[in-house]
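Here's the structure, in structure tokens; my notes come after.
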Amino acid sequence: TFSAADYAAMAAVNHPHVVLVEADVKFTAPVRVGDTIVAKAHVYRHVGKRHFVNVKVLKDEKAVLVGRFTCLILESHVLDSKR
Numbered sequence: 045t046f047s048a049a050d051y052a053a054m055a056a057v058n059h060p061h062v063v064l065v066e067a068d069v070k071f072t073a074p075v076r077v078g079d080t081i082v083a084k085a086h087v088y089r090h091v092g093k094r095h096f097v098n099v100k101v102l103k104d105e106k107a108v109l110v111g112r113f114t115c116l117i118l119e120s121h122v123l124d125s126k127r
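Laid out in structure tokens, this is it:
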């Protein structure tokens, strides 16, 4: 569930050099193996290279995770050997 939320936050920022720097989440209901979940995210603010994202993960249209993520855009890819 957290991985889906993390992925949705970074997809909302939509930059190849985005990394997650902070997450404040609340798990609101259980999820079991085999459940289908949908993660929704939107950037509600950005300051410089920091993007602040609200995320909600749903199962059967009920929230199972809600949170705020802080993402940062780096100058180059985090795995770039020239950093």
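Numbering (the working numbering), first residue to last: 45 to 127. Here a beta-carbon is modelled for each residue, glycine too, at the ideal position from N, C-alpha and C. These figures come from a predicted structure and were not determined experimentally.
Neighbour-count burial assignment, V97, 16 or more Cβ in a 10 Å radius: buried
Cα separation between D124 and R76? 36 Å
So who's on the other strand from V69, going by DSSP bridges? G111
Express the C-alpha separation of H90 and L109 in angstroms, rounding to a whole number. 22 Å
Measuring straight from C-alpha to C-alpha, what distance separates V65 and T114? 6 Å
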